[in-house]
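Chains as they are written, first to last, in the working numbering: chain L, 150 to 571; chain W, 179 to 704.
Glycine included, every Cβ here is placed at the ideal spot set by N, Cα and C.
Note that the structure is predicted; figures quoted are calculated from it, not measured.
This report concerns only the one structure given below.
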Amino acid sequence: MEQVLTKHFADDRYRHVDAYVETGGYEALRKAFGMPKGQIVDEVRKANLRGRGGAGFPAGVKWGFLPKDLSRPRVLVVNADEGEPGTFKDRLIMSRGPHLLLEGIGIASFAMTIHLSYIYIRGEFVREAKVLEEAIAEAYAKGYLGKNILNSGFDLDVYVHRGAGAYICGEETSLINSLEGKRGWPRLKPPFPASIGAFGLPTIVNNVETISDVPWIIANGGERFAALGVEKNGGTRLVGVSGAVERPGVYELSAGVNLRDIIYVHAGGMKDGKELKAVIPGGSSTPVLRSDEIDVTYDIESMGKAGTMPGSGGVIVIPEGTCMVRALSVLMRFYAHESCGQCTPCREGTGWLSKIVRRIEEGQGKEGDVELLLDVCDNMMGRTICPLADAAVMPAQSFIWKFREEFDRHIEDRKCPYGNKF
Amino acid sequence: MPTFTINGISATVPEGTTILSAARQIGVEIPHYCYHPRLSIAGNCRMCLVEVEKFPKLQIACNTVVTEGMVVRSDTEKVRKAVTGVLELMLIHHPVDCPICDQAGECGLQNYYMKFGLHKSRYALEDKVHKRKVQDIGGQIVLDAERCILCSRCVRFLQEVTRTGELEFVNRGDHSEISIFPGRPLDNDYTGNLADICPVGALTSKDFRFQCRVWFLSGVESICPGCSTGCNIDAHFRGDLLYRLKPRENDDVNQTWMCDFGRLEYKKANEDRLLTPVLREGGQSVAAAWDAALFTTALRLRESVKEHGPASAAVVASPHSSNEELFLARKLATEVLKTENHGFTSRTPGLRASDDFLIKADKNPNSKGAQLLGFSEEGFDRIVKAISGGKVRALLLFGNVLADFSDTEIGSLLSNVPFVAHVGTRDGAVSRAAHAVLPSSSFVERGGTFTNFAGRVQRFRAGFPPRGKAKNDIEILVGLANQLGAGWAFAGESSVFEAIAGSVAPFSGMSYESLGFWGHVAGGSK
Numbered sequence: 150m151e152q153v154l155t156k157h158f159a160d161d162r163y164r165h166v167d168a169y170v171e172t173g174g175y176e177a178l179r180k181a182f183g184m185p186k187g188q189i190v191d192e193v194r195k196a197n198l199r200g201r202g203g204a205g206f207p208a209g210v211k212w213g214f215l216p217k218d219l220s221r222p223r224v225l226v227v228n229a230d231e232g233e234p235g236t237f238k239d240r241l242i243m244s245r246g247p248h249l250l251l252e253g254i255g256i257a258s259f260a261m262t263i264h265l266s267y268i269y270i271r272g273e274f275v276r277e278a279k280v281l282e283e284a285i286a287e288a289y290a291k292g293y294l295g296k297n298i299l300n301s302g303f304d305l306d307v308y309v310h311r312g313a314g315a316y317i318c319g320e321e322t323s324l325i326n327s328l329e330g331k332r333g334w335p336r337l338k339p340p341f342p343a344s345i346g347a348f349g350l351p352t353i354v355n356n357v358e359t360i361s362d363v364p365w366i367i368a369n370g371g372e373r374f375a376a377l378g379v380e381k382n383g384g385t386r387l388v389g390v391s392g393a394v395e396r397p398g399v400y401e402l403s404a405g406v407n408l409r410d411i412i413y414v415h416a417g418g419m420k421d422g423k424e425l426k427a428v429i430p431g432g433s434s435t436p437v438l439r440s441d442e443i444d445v446t447y448d449i450e451s452m453g454k455a456g457t458m459p460g461s462g463g464v465i466v467i468p469e470g471t472c473m474v475r476a477l478s479v480l481m482r483f484y485a486h487e488s489c490g491q492c493t494p495c496r497e498g499t500g501w502l503s504k505i506v507r508r509i510e511e512g513q514g515k516e517g518d519v520e521l522l523l524d525v526c527d528n529m530m531g532r533t534i535c536p537l538a539d540a541a542v543m544p545a546q547s548f549i550w551k552f553r554e555e556f557d558r559h560i561e562d563r564k565c566p567y568g569n570k571f
Numbered sequence: 179m180p181t182f183t184i185n186g187i188s189a190t191v192p193e194g195t196t197i198l199s200a201a202r203q204i205g206v207e208i209p210h211y212c213y214h215p216r217l218s219i220a221g222n223c224r225m226c227l228v229e230v231e232k233f234p235k236l237q238i239a240c241n242t243v244v245t246e247g248m249v250v251r252s253d254t255e256k257v258r259k260a261v262t263g264v265l266e267l268m269l270i271h272h273p274v275d276c277p278i279c280d281q282a283g284e285c286g287l288q289n290y291y292m293k294f295g296l297h298k299s300r301y302a303l304e305d306k307v308h309k310r311k312v313q314d315i316g317g318q319i320v321l322d323a324e325r326c327i328l329c330s331r332c333v334r335f336l337q338e339v340t341r342t343g344e345l346e347f348v349n350r351g352d353h354s355e356i357s358i359f360p361g362r363p364l365d366n367d368y369t370g371n372l373a374d375i376c377p378v379g380a381l382t383s384k385d386f387r388f389q390c391r392v393w394f395l396s397g398v399e400s401i402c403p404g405c406s407t408g409c410n411i412d413a414h415f416r417g418d419l420l421y422r423l424k425p426r427e428n429d430d431v432n433q434t435w436m437c438d439f440g441r442l443e444y445k446k447a448n449e450d451r452l453l454t455p456v457l458r459e460g461g462q463s464v465a466a467a468w469d470a471a472l473f474t475t476a477l478r479l480r481e482s483v484k485e486h487g488p489a490s491a492a493v494v495a496s497p498h499s500s501n502e503e504l505f506l507a508r509k510l511a512t513e514v515l516k517t518e519n520h521g522f523t524s525r526t527p528g529l530r531a532s533d534d535f536l537i538k539a540d541k542n543p544n545s546k547g548a549q550l551l552g553f554s555e556e557g558f559d560r561i562v563k564a565i566s567g568g569k570v571r572a573l574l575l576f577g578n579v580l581a582d583f584s585d586t587e588i589g590s591l592l593s594n595v596p597f598v599a600h601v602g603t604r605d606g607a608v609s610r611a612a613h614a615v616l617p618s619s620s621f622v623e624r625g626g627t628f629t630n631f632a633g634r635v636q637r638f639r640a641g642f643p644p645r646g647k648a649k650n651d652i653e654i655l656v657g658l659a660n661q662l663g664a665g666w667a668f669a670g671e672s673s674v675f676e677a678i679a680g681s682v683a684p685f686s687g688m689s690y691e692s693l694g695f696w697g698h699v700a701g702g703s704k
C-alpha cells in the first residue's frame, strides 16, 4: 500500500525542512508553480479527495465555490481544531510532518490565488502548535513561504492561531468567528464562507489531512491518488483506532479498506481476545454499529448504506462487557457541555438528553424515558444552524435502536446490569 | 418579483424578501422570537421552521429568501410538531413564574404556549438549571437570566442600534446566559427599548416593575413630548394615571425606538398637577370656579388693553402646546387683544443633551409648530424686556416653565406684572407667581398635533379626560376669547385644525385623515 502521508513519519528529523526536502519535499510546490491554476484544481477534482474533517465534501468542488472575481483578497483557513472524540490523526501530521501541511497550503493557496492562510489549531495542541511554528519559521527562512516563493512571484503568509478549547470551533463558521476574536458561534448560512468568510472575505476552510494530501496529488497526479482508494473516495485516509484493540493508533489505509480489517488486521484484533460489541466508526458523532454490522467498506457511500459514516476517521472499538447506556451517557455529557448555546433545540436538548441517559444509567429511569429520549432527538435533528445537534442525536438514536434492550433493562431493574456506578 | 405560495395562498413579493416577511405581508403569521424587523437575522430561536418543497429539512422562514415558484407550508403536522418541540425546549428551564412576572399578558412564551403548546411538562423540576435573577444591569433594566430564551435581540440591539455592545452571551449549552461585562453596566440612552424588544420577561423595566398588570392598562396613540424629535409612542394608562410610554413604529421618525428620557416623560403628567383653577389677590389664594377664573382673566386683559393700550397685554405661548392651541393663542393675541406682544421660547431649564439619533437639544415637542404659526423667539425676548421695564400690565402665559429661568428669576420677573394668568399643568414657580391659575391638560388628556423639528405634523390623541377640574386647553382658549367677546365657534381640535389648514400656508391641504398614522411634513410633499 502506497503511503501518501506517513511514509517518513518514523523519522524524527522529517518535521524539519531539510529532512523534508531530502525526501523530495516542496518539489510539488515547485511543480505547481509551473502549472496553470485551473489544472491544479482539476487534479484535486480528479483525485476524488473528500474532506477529511468529517463531512466528506469533495475538496475540488469546494475550491470552486470561491467567487471568480479577484477584487477582494481571499483566505485559506486550515481546520486543525481536531476535537471530535476518537479522532487524533491531524495531530500526527502536525507533529510528524508539518511541512506536508505547509506545502499543501502553498499549493492550494497558489491554485486559488490566496495570499493569506491561517492554521486554526486546537488550544490543547500545545506541542503541535510549537512544532508547526518552528516549521513555518523554517519554511520562511528557506523561501517556501513569504514573498516571491521559489522565485515564482507568488506571496503567501501563514499564521498559526490557537483556539481556546471549544469543540464547536471545529465547525467552520464557528472557527471563523473564533479566528476573528469573537465568540465561537456557528454562523447562519447563507452566506457561505466561500463568499463571506473570515474578516468578511471569501474563505475556504479545509481540514489538515485534506490539505496535506495535496502535495502528493500534484506530484503524482490526481488519477493515481484516486486509484489508491475506491470510487468517489480517492486516496488513503488516516484512521485512528482507539479502544479495546491490541494496537491502538493511527493507520494510513486505503479509503476503500474494510472496517473489519481495520480492527482485526491493522489494529491487531481485539485486546486480550475480548469479544467485539460495537464500533463507533468515524468519531463520536457517527451512528454506532453492532459487531455483526462491521463487514463494510470504509468509504463514505458504503458506510452511508450501513446507516453511518467514516466521518473523521476515528474508530472507537467497544468490547463486550461495556454498558452501552453508560457509554452513551459519557457521550451525551460531552455534547451537553460543548453545545454553544445558540439554537434552542441543541442548547436545551443536549442537556436534556444527557440528564435522561444519566438517570437511566443510575437506575432512576422511568417508564417512557426511552420514548422521551427518541422524541427529544426528533425535535433536535436537523433543526439547528450547525450539525452539533445532529452530532448528539445520531449516537443517541443509534445506541437506542441497536441496544434498546440494555436501556429497558436499566429501567426495569432500576440499576445498571453491569454494576456501574457514577 | 418572485411569486410563491404559502399554505396555498399565492403572492408576489419583491426580490430578496424572506418567507417570514412575505408571509406577514399577506397575513400569515409565522411564530418567531429572535426575528425583529429592525435587527439583523440571527436565526437561532428555531420557532419559524416551515416546510419548503424540495428541501428535505424544515427551513427557517426568517432567513430563507422567497424564490420563483417556491411552495411553502407552515400549517402541516410536521411544522406544528417542530414548533411545539422548540417551544417545549424553550420552556424546560424557564421558571414559569408568570404570576410575579411583569411580562405576563404580553409575553411571547405565554402567547405561543397557548397557541402551540398546552403541553404538560415532561421535564423533571429538579433538573432545571438555575441562573442569576434580579440583576440590575444598569439603565432602566433589570435582568432575570432564568426567564431568558437567549434569542439575542438585546445583544443585537446593543451592537447594531446603540453600537455600545454592553450585553454578551456567557457560558455554553443550557448554562448559557446573557450578561453585562463585570463592572460595565448598560451605558446608553436607549436602554428602555431592551424591555420592549425582549419577547419574554427577562429584561423588564425598573420603572414599570410591579406597578401594574398589563391587562389593566389601556393605550392611546401619542407623540413623545420630551423633545422636538416627536417619537411616535403609545401611552399606557389606567384610570387617569399614566404608567408607561412605549415606542410606536414610524420609519420616518423613530423606527421602533425611543430614548430613556422620553420614556420617563409620563411622570410629568402624573405628578404635581394643577387640578383646580385658583385666583390670587393680595397674597391670598382661593380655589375658584372656572367661570370666575375665566371672567377675571378676561376682565384684567381687557382693562389692561383699554387703559394702557394693546401693547400692555402680552401672550407667551408654549412649545408644549399643540398646533391647534398655538393657532388659537395667536388668534387671541392678534385678533382679540390686538397686541403684537406675543412670542415663545424653546429655551428650557436643565440639560439640553442631544445625540445623532433620536435625542434633540430642543426639549419641546412643538417649537417648529410655534414658529410656523407665527410665534417668534424675538417676540419672547421683547416681552421679557417689556416686563422688566414695567410695561406689561397683563400677561397670559402658557406652559409650566419660563425659558431657562430659575425659580427665583421667574418670581422676580413676574412680580413686575400686575396680572399674570397661567395656563399650565404643573405646580411650580410660574403657577405660584400667577394671579389666575387655569389648569390645563397633559398630552394624554387632550388631542391635537405637534410639528416636529423636521416639520412633520403628527397627531396625538386623548386617552382620558383632563384630571380633576383641569380643562382642555382649547376649551380654555375659546372660553377666554368668548369672554372677551370674540364669538368663536371652535368645537374640538379637529375644527381648529381645519382652520389652520385653511389659513396657514405650510399646513394647507392637510386634514386629520391625511395625517394618518405617520404624519405629514408641513409645506412638503407627502
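According to DSSP, residue pairing for W:L227 in a beta bridge involves W:I238. Among the residues facing chain W, L:G205 is not included, as its CB has no counterpart in that chain under 8 Å away. L:K156 and L:I366 have their C-alpha atoms roughly 15 Å apart. Residue-level contact check: L:I345 does not touch chain W, since none of the beta carbons of chain W fall below 8 Å from its beta carbon. Of the candidates L:V166, L:V394, L:C318 and L:L408, the residue whose Cα lies closest to the Cα of L:G417 is L:V394.
Relative to the Cα of W:G460, the nearest Cα in the group W:F597, W:S490 and W:V601 belongs to W:F597. Straight-line spacing of the CA atoms in W:G547 and W:N578 works out to 18 Å. Non-local beta-carbon contacts of L:V363 in its own chain, meaning distances under 7 Å to residues more than five positions away in sequence, involve V193, G253, I256 and A257 in chain order. In the displayed model, W:M688 falls within coil according to three-state DSSP, outside both helix and strand.
Judged by their CB atoms, W:L442 and W:D385 are nearer to each other than the 8 Å cut-off. Nearest Cα to W:K306 within the set L:S503, L:N528 and L:E511: L:S503. Nearest CB-CB separation between L:S433 and chain W: not below the 8 Å threshold.
When secondary structure is reduced to three states using DSSP, W:F415 falls in the strand class. Cβ contact annotation for W:P403 (same chain, cutoff 7 Å, sequence separation greater than five): E443, H498, P543 and F621, in chain order.
Residue range L345 to V348 is occupied by the beta strand (DSSP E) that includes W:F347, with no alpha helix (DSSP H) assigned at that position. Within the stretch 446-480 of chain L, not one residue has a Cβ closer than 8 Å to any Cβ of chain W. Taking 9 Å as the upper bound on Cβ-Cβ separation, chain L lies near residues I219, A220, G221, N222, C223, R224, M225, L227, P234 and K235 of the stretch 217-235 of chain W. With fewer than 16 other beta carbons inside 10 angstroms of its own, W:V464 counts as exposed. Contact of W:R300 with chain L is assigned, a C-beta pair being separated by under 8 Å.
For the pair L:S478 and L:R507, the CB atoms are nearer than the 8 Å cut-off.
Per DSSP, the unbroken beta strand (DSSP E) holding W:A491 starts and ends at A491 to A495. Residues D304 of the same chain have their beta carbon placed closer than 6 Å to that of L:K296, with the five preceding and five following residues left out of the count. Under the Cβ criterion (8 Å, minimum of three pairs), the stretch 160-171 of chain L does not count as touching the stretch 342-360 of chain L. Using a CB distance below 9 Å, the part of the stretch 316-332 of chain L facing chain W consists of I317 and R332, ordered along the chain. Using a CB distance below 7 Å, the part of the stretch 495-519 of chain L facing chain W consists of R496, E497, G498, T499, G500, W501 and K504, ordered along the chain.
By the neighbour-count criterion, in which a residue is buried when 16 or more other Cβ atoms sit within 10 angstroms of its Cβ, W:L506 is buried. In this structure the stretch 224-231 of chain L touches the stretch 264-273 of chain L; the number of beta carbon pairs closer than 8 Å is three or more. Around the beta-carbon of W:H698, 16 or more other beta-carbon atoms lie within 10 Å, marking it buried.
At a cut-off of 8 Å between beta-carbon atoms, L:Q546 makes no contact with chain W.
For the pair W:A373 and W:T382, the Cα-to-Cα distance works out to about 5 Å. Those residues of the stretch 157-184 of chain L placed with their C-beta closer than 7 Å to a C-beta in chain W do not exist.
Close partners of W:A260 in chain L (Cβ separation under 8 Å): N528 and R532. Under DSSP, W:S199 shares a beta bridge with no residue. One thing to note: L:D230 has its Cβ within 8 Å of the Cβ of L:G312. Residue pairing by DSSP places W:F597 opposite W:A572 in a beta bridge. Under the 8 Å criterion on CB atoms, W:R350 is classed as interfacial with respect to chain L.
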